[in-house]
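Residue numbers (mature numbering (1 follows the signal peptide of the UniProt record, and there is no 0)): -22 to -1, 1 to 174.
Dropping the structure here:
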């Protein structure tokens, strides 16, 4: 049953190669979630190109956002139950349908550092804040311990900007490790009960 205000679910780019990807997308769809895609191999290509060509951080930041956009189209092709959304109006018009964020229209002008200190994790939290989402679930392929964004940043699970954004976010933040489908379902199920 979709939430009145859906949770945001950020799927790390490394999950594109995971056998759990389709089940993770299915779980997010069943809860009417907003999926924020990581940049995956498209963002890796930006890092390689920056090292080879020497362009600046602001350009790399914009290109990494476009890498997320490419992943959004990949995921939407793989999971047609989702609608692609690029704007607040698009999310409002999705009418309970699960959505995948195409971030360029909103994120390129966001008031955030334009560097690798902001990745898709912080952009997912920024979107959750902008849309008034009641919670954010980060899904990682790596093992996660603890529930503190500062510890996640120290462990390299999230970017350096994430803890400061988290300190001002009023919703719930959950980090699910090892692409654990049952933990994602539990996080989204508890959010459904809380909204009922």
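Using N, Cα and C, we set each Cβ at its ideal position, and we do this for glycine too.
Predicted, not measured: the structure shown is a model, and the values here were computed from it.
Inter-residue Cα distance where the pair is residue i and residue j
| i | j | result |
| --- | --- | --- |
| residue 3 | residue 57 | 7 Å |
| residue 13 | residue 95 | 21 Å |
| residue 108 | residue 40 | 19 Å |
| residue 68 | residue 106 | 15 Å |
| residue 86 | residue 38 | 11 Å |
| residue 131 | residue 112 | 22 Å |
| residue 30 | residue 24 | 10 Å |
Residues of its chain near residue i, where Cβ-Cβ distance is below 7 Å and the 5 sequence neighbours each way are ignored
| i | result |
| --- | --- |
| residue 81 | 43, 46, 47, 101 |
| residue 160 | none |
| residue -8 | -2, 2, 117, 119, 157 |
Proximity of residue i and residue j at Cβ, strictly below 9 Å
| i | j | result |
| --- | --- | --- |
| residue 197 | residue 110 | As displayed, the chain neither begins before -22 nor continues past 174, which places residue 197 out of reach and without an answer. |
| residue 162 | residue 49 | no |
| residue 122 | residue 155 | yes |
| residue 21 | residue 98 | yes |
| residue 153 | residue 134 | no |
Among the options, nearest to residue i - alpha-carbon criterion
| i | options | result |
| --- | --- | --- |
| residue 116 | 16, 7, 35 | 16 |
| residue -10 | 18, 65, 61, -2 | 18 |
| residue 7 | 129, 75, 157, 65 | 75 |
| residue 59 | 65, 51, 66 | 51 |
| residue 146 | 9, 127, 167 | 127 |
| residue 118 | 129, 136, 132 | 136 |
| residue 89 | 113, 139, 112, 132 | 139 |
| residue 114 | -4, 1, -2, 9 | 9 |
| residue 83 | 73, 70, 64, 71 | 64 |
| residue 120 | 66, 158, 151, 1 | 158 |
| residue -15 | -6, 11, -2 | 11 |
Residues of its chain near residue i, where Cβ-Cβ distance is below 8 Å and the 5 sequence neighbours each way are ignored
| i | result |
| --- | --- |
| residue 36 | 92, 93 |
| residue 33 | 27 |
| residue -5 | 2, 119, 157 |
Close-in-space but distant-in-sequence residues of the same chain around residue i (CB under 6 Å, 5 per side omitted)
| i | result |
| --- | --- |
| residue 143 | 100, 103 |
| residue 78 | 13, 50, 53, 54, 60, 62 |
Proximity test, Cβ basis, 9 Å: residue i and chain C
| i | result |
| --- | --- |
| residue 134 | Here chain C cannot be found, since the structure has a single protein chain. |
Legend entry - alpha helix (DSSP H) runs contained entirely in the stretch 38 to 90, provided each spans 4 or more residues: 66 to 71, 82 to 85
Legend entry - Whole beta strand (DSSP E) elements within the stretch 93 to 118, 3-residue minimum: 113 to 117
Inset, instruction - Could you name each continuous beta strand (DSSP E) segment of 3 residues or more that falls completely within the stretch 6 to 30, going from the start of the chain to the end? - result: 12 to 15
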